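Have a look at the structure below, then the notes.
There are 2 protein chains.
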Amino acid sequence: MTGRNFFSLLESKWDEKKFLCVGLDPVLGAMPEEVRRESVRETYMRFNRAIIDATKDIVCAYKPNIAFYEAHGDEGMEALRETISYIQGLALDIPVILDAKRADIGNTSALYAEAVFDYLGADAVTVQPYLGSDAIAPFLERKEKGVIVLCRTSNPGSGEIQDVLVEGVPLYQHVARLVTEKWNRNDNCMVVVGATYPEELRMVREIVGTMPILVPGIGTQGGDIEQTVNAGKNARSRGLIISVSRGVIFASEGADFAAAARLKAQDLHDTISKLI
Amino acid sequence: MTGRNFFSLLESKWDEKKFLCVGLDPVLGAMPEEVRRESVRETYMRFNRAIIDATKDIVCAYKPNIAFYEAHGDEGMEALRETISYIQGLALDIPVILDAKRADIGNTSALYAEAVFDYLGADAVTVQPYLGSDAIAPFLERKEKGVIVLCRTSNPGSGEIQDVLVEGVPLYQHVARLVTEKWNRNDNCMVVVGATYPEELRMVREIVGTMPILVPGIGTQGGDIEQTVNAGKNARSRGLIISVSRGVIFASEGADFAAAARLKAQDLHDTISKLI
Chain A
9 MTGRNFFSLL ESKWDEKKFL CVGLDPVLGA MPEEVRRESV RETYMRFNRA IIDATKDIVC
69 AYKPNIAFYE AHGDEGMEAL RETISYIQGL ALDIPVILDA KRADIGNTSA LYAEAVFDYL
129 GADAVTVQPY LGSDAIAPFL ERKEKGVIVL CRTSNPGSGE IQDVLVEGVP LYQHVARLVT
189 EKWNRNDNCM VVVGATYPEE LRMVREIVGT MPILVPGIGT QGGDIEQTVN AGKNARSRGL
249 IISVSRGVIF ASEGADFAAA ARLKAQDLHD TISKLI
Chain B
9 MTGRNFFSLL ESKWDEKKFL CVGLDPVLGA MPEEVRRESV RETYMRFNRA IIDATKDIVC
69 AYKPNIAFYE AHGDEGMEAL RETISYIQGL ALDIPVILDA KRADIGNTSA LYAEAVFDYL
129 GADAVTVQPY LGSDAIAPFL ERKEKGVIVL CRTSNPGSGE IQDVLVEGVP LYQHVARLVT
189 EKWNRNDNCM VVVGATYPEE LRMVREIVGT MPILVPGIGT QGGDIEQTVN AGKNARSRGL
249 IISVSRGVIF ASEGADFAAA ARLKAQDLHD TISKLI
């Protein structure tokens with residue numbers, strides 16, 4: 009994996025007008041009969057490989073969320089590692105974002121960075137801002153990796169903390185400003201803003217300039233794609249990673265799950281392409 | 009593990025005047041020659057068992073940080089699971105706090121709760137407040153488990169976000185108030201305040217009433233034990249879990265590591281007992 013640079017990979021995908029990111033979050037109870045095997049590892053790999061093979065030519069990234077794998081212990085983690093390795097072995101140069109929402113004090117954060125980037129091999133990772141920048145420094149130091157800071161998350165209760173006013177400005181905007189002006193010294197930061205909050209997305213875009221924004225929350229969570237693109241694209245008509253998980257991978261739970269995922273992904277890709 | 013209740017276990021330890029929590033954060037490069045084996049799992053288990061056996065009669069809890077295990081993949085996670093199981097099998101009823109600093113949106117958070125409480129078997133867990141309470145709801149619903157919300161962390165940069173003023177009050181106090189007044193419906197919340205900030209600890213104690221506070225940062229990080237006890241104990245002279253990791257487990261890196269850990273833990277225990 010030497011030489012992989014998250015931002016170069018991403019720019020190449022944007023050159024090809026690809027902005028859709030598929031979230032690889034398998035759920036055991038929702039696995040189609042066709043992929044089920046004795047072991048969780050094998051079941052998840054059969055499912056993920058089928059989804060990846062069906063969508064790999066139209067995505068800008070894949071985003072597995074580590075929680076879906078951790079919940080199954082060693083077998084789950086093995087499936088995660090294999091999934092990342094499978095994507096990176098495709099010769100399509102698709103970057104992998106690990107959604108892990110990590111952060112901890114210095115010596116511990118270094119271990120998380122090791123786990124995420126070296127053991128699992130991710131190209132980018134999501135991190136929590138609450139502990140401050142020294143808690144994500146070991147991530148920030150990896151210039152070739154993307155560090156995606158939670159800013160305004162897509163969940164209903166995100167405003168409880170993220171909307172409190174700091175000198176008249178909501179905290180999420182304060183975080184966006186900190187990331188842009190102070191934490192981005194290696195030019196490898198990004199922010200997360202949920203598609204469920206298009207007005208907030210517009211405000212963040214104004215603050216972060218051309219910085220890439222990861223936008224989850226389209227589909228099942230209710231985010232609107234047109235509002236997202238209009239509010240979130242940057243001055244170069246780029247800057248967006250629009251992430252959909254359940255809406256694509258569980259488009260059908262039957263034997264046609266991979267074909268259904270393709271149709272859904274294609275539809276999203278076409279819609280985004282037209283809008284951007 | 010049916011019937012285990014984190015808060016009952018903790019109260020019993022406080023009855024016995026035990027307030028010290030030992031952080032089980034093994035580091036491969038710092039393992040004494042005596043415990044080293046081919047496999048990381050075996051090395052970590054030999055180390056952890058020796059530390060636990062040497063300190064089990066004077067602690068109120070153990071706190072492994074999951075990052076130290078995750079960094080070694082499957083083997084590390086197996087060691088973590090075995091460590092928790094070893095502590096819970098001691099018949100000393102010592103609660104185990106998993107330092108994991110988790111939080112994610114609804115369906116994902118449920119999986120983290122499953123991983124932490126069911127797969128790993130922890131009695132309590134640390135969580136991030138930034139996403140809001142719905143992001144930790146699956147943890148909060150487990151009434152018998154402790155949910156320990158980051159409030160004022162011990163690291164040097166914690167003030168970057170935690171000290172921003174919200175209507176004239178630092179954010180960490182706003183979080184302490186939210187946890188106390190809104191998130192604690194099942195009476196199973198706690199907060200984290202670093203020993204490196206005794207004045208902030210005093211402010212949080214005023215806000216949270218008798219709620220238990222987990223205080224890391226004594227020792228290597230520079231926190232003062234007398235200031236911590238005075239600022240942090242509650243009206244019943246309880247309410248504190250004072251956590252020390254490297255200061256105890258790496259008191260010596262030689263063959264006498266377990267005996268040195270005991271001496272250091274005993275010293276801390278005696279000091280806290282006198283002060284409280």
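Going line by line, the protein sequences match chains A and B.
Here my numbering is used: the first residue of the first sequence is 9, the next is one more, and so on.
Here my numbering is used: the first residue of the second sequence is 9, the next is one more, and so on.
Note that the Cβ used here is the ideal one computed from N, Cα and C, for glycine as well.
Here the structure is a predicted model, which is why all the values come from computation and not from measurement.
In this model, VAL157 (chain B) and LEU179 (chain A) are separated by some 18 Å (Cα to Cα). Residue contact check for SER281 (chain B) against chain A: no CB pair falls below 7 Å.
Within chain A, the residues whose beta carbon sits less than 8 Å from that of MET85 (chain B) are GLY81, ASP82 and MET85, listed in sequence order. Taking 4 residues as the minimum length, the alpha helix (DSSP H) runs contained wholly in the segment 218 to 270 of chain B are 233 to 240 and 254 to 257, in order along the chain. Distance check between ASP126 (chain A) and each of A:GLY114, A:PRO146, A:GLY262 and A:ARG210 places A:PRO146 closest, using alpha-carbon atoms only. Proximity to SER141 (chain A) across A:PHE55, A:THR279, A:ILE59 and A:GLY114 peaks at A:GLY114, based on C-alpha coordinates.
7 Å or more divides the Cβ of VAL124 (chain A) from the Cβ of CYS159 (chain A). With a cutoff of 7 Å on beta-carbon distance, GLY247 (chain A) and PRO206 (chain A) are scored as not near each other.
By DSSP's assignment, ASN163 (chain A) forms no beta bridge with any residue.
Sequence-distant Cβ neighbours of GLU90 (chain A) in its own chain, meaning closer than 7 Å and more than five residues away, are MET53. DSSP places ILE60 (chain B) within a helical segment (H, G or I) once states are collapsed to three.
Residue range 81 to 96 is occupied by the alpha helix (DSSP H) that includes GLY84 (chain B).
At least one beta carbon of chain B lies nearer than 7 Å to the beta carbon of THR161 (chain A). Collapsing the DSSP output to three states places TYR205 (chain B) in coil.
Counting other Cβ atoms within 10 Å of its Cβ, LYS282 (chain A) stays below 16 and is therefore classed as exposed.
Interface criterion not met: the Cβ of LYS25 (chain B) is under 7 Å from no Cβ in chain A.
Around the beta carbon of GLU234 (chain A), fewer than 16 other beta carbons sit within 10 angstroms, so the residue counts as exposed. Closest by C-alpha distance to THR236 (chain A), out of A:GLU261, A:LEU209 and A:GLY37, is A:LEU209. For ALA108 (chain A), the enclosing beta strand (DSSP E) has its first and last residue at 105 to 110. Annotation: PHE125 (chain B) has no Cβ neighbours in chain A at a cutoff of 8 Å; minimum Cβ distance is about 11 Å. In the structure shown, the three-state DSSP call for ALA69 (chain A) is strand. Here ALA143 (chain B) really is in contact with ALA111 (chain B); their C-beta atoms are around 5 Å apart, less than 8 Å.
The DSSP-derived three-state label of VAL216 (chain B) is helix. In the three-state DSSP reduction, VAL187 (chain A) falls in the helix class (H, G or I). Interface flag for LEU276 (chain A) against chain B is unset, since no Cβ pair is found closer than 7 Å. DSSP places ALA145 (chain A) inside the alpha helix (DSSP H), whose first and last residues are 145 to 148. Within chain B, the residues placing a beta-carbon under 9 Å from that of ASN73 (chain A) are ASP112, THR116 and LEU119, ordered along the chain. For GLY129 (chain A), no alpha helix (DSSP H) run applies, since DSSP gives it neither H nor E. Within the same chain, Cβ atoms closer than 8 Å to the Cβ of LEU148 (chain A) are found at SER141, VAL155, TRP191, ARG193, ASN194, ASN196 and CYS197, the five residues on either side in sequence being excluded.
Taking 8 Å as the upper bound on Cβ-Cβ separation, chain B lies near residues GLN136, PRO137, TYR138, LEU139, GLY140, SER141, ASP142 and ALA143 of the segment 136 to 147 of chain A. Rounded to whole angstroms, ALA38 (chain A) and ALA239 (chain A) show a C-alpha spacing of 33 Å. The C-beta distance from GLY231 (chain A) to ALA266 (chain A) rounds to 24 Å, too long to fall under 8 Å, and the pair is not in contact. Setting aside the 5 residues that flank it on each side, GLU24 (chain A) has no residue in the same chain whose C-beta is closer than 7 Å to its C-beta. Using beta-carbon distances, VAL67 (chain B) does not count as an interface residue toward chain A, since no partner is under 7 Å.
DSSP places LEU17 (chain B) in the uninterrupted alpha helix (DSSP H) bounded by 14 to 23. Secondary structure of LEU276 (chain B) (DSSP, three-state): helix.
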